[in-house]
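One gets this note's numbering by counting positions in the sequence shown from 1 and adding 609 to each. Data first, discussion second: the structure below is written as structure tokens.
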Amino acid sequence: MNYTENYKGVKIDVQSPNLDVSQEIQSEIRNCINKLSKFTNDINALDVYFKAEGQGGSATTTVGMRVGIPGPDVFAEEKGENWVGMLKSVTDKNIRQIQKNK
């Protein structure tokens with residue numbers, strides 16, 4: 610499932626091959642933008658990638674997030690099992706990068 614939306618002037622592009630993105634996850638993505646906006650007002654795009662590989666006990670899930678800001682974009686990735694937890698983690702990683710670049 611892929612979807613695009615505009616939220617508070619930020620273009621959100623979500624790529625999730627072979628996975629459905631629930632309303633809860635979509636809401637959490639908007640929360641990520643709200644949190645990131647506290648550290649920079651210049652976000653023009655947010656790209657989120659959900660990936661699941663393998664099956665059963667060997668399955669791995671990954672979330673990647675690119676924040677489009679003036680200058681170099683910031684990107685973070687997290688592997689785990691909980692989509693919401695991974696989204697929060699990549700958001701925090703991107704905030705640290707934004708703070709470093711200021």
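Every residue, glycine too, gets a C-beta built ideally from N, C-alpha and C.
Rounded to whole angstroms, how far is the Cβ of Ala668 from the Cβ of Glu662, which I believe are closer than 8 Å? To locate residue 668, count along the sequence shown from 1; it is residue 59. To locate residue 662, count along the sequence shown from 1; it is residue 53. Right, their Cβ atoms sit about 7 Å apart.
Only counting the same chain, and skipping five residues up and downstream in sequence, which positions put a Cβ closer than 6 Å to that of Lys702? Sequence index remark: in the sequence shown, residue 702 carries index 93 (1-based). Excluding positions up to five away in sequence, the list reads Ala685.
Would Gln624 pass as a contact of Asn611 if the rule is Cβ separation under 8 Å? What you label residue 624 is simply residue 15 of the sequence shown in a count that begins at 1. What you label residue 611 is simply residue 2 of the sequence shown in a count that begins at 1. The answer is yes: Cβ separation under 8 Å.
Tell me the DSSP secondary structure of Lys702 in three-state form. Within the sequence shown, the letter at position 93 stands for residue 702. DSSP places Lys702 in helix when its eight states are reduced to three.
With distances taken Cα to Cα, identify the nearest neighbour of Lys697 among Gln635, Lys711, Gly666 and Gly680. In the sequence shown, counting from the first residue as 1, residue 697 sits at position 88. The candidate whose alpha carbon is nearest that of Lys697 is Gln635.
Leu655, enclosing beta strand (DSSP E) - first and last residue: On the sequence shown, position 46 is the one that residue 655 refers to. Start and end: Ala654 to Glu662.
Spatial neighbours of Ile704 within its chain, please: CB distance less than 6 Å, with the 5 preceding and 5 following residues excluded, ordered by chain position. Locating residue 704 in the sequence shown gives position 95, counting from the first residue. Excluding positions up to five away in sequence, the list reads Phe648.
Where do the N-terminal and C-terminal ends of the alpha helix (DSSP H) with Glu690 fall, by residue? To locate residue 690, count along the sequence shown from 1; it is residue 81. Where Glu690 is concerned, there is no enclosing alpha helix (DSSP H), given that its DSSP letter is neither H nor E.
Exposed or buried, Thr700, counting other C-beta atoms within 10 Å across all chains shown (16 or more means buried)? As a first step, residue 700 must be located in the sequence shown, where it is residue number 91. Its Cβ being crowded by 16 or more others within 10 Å, Thr700 is buried.
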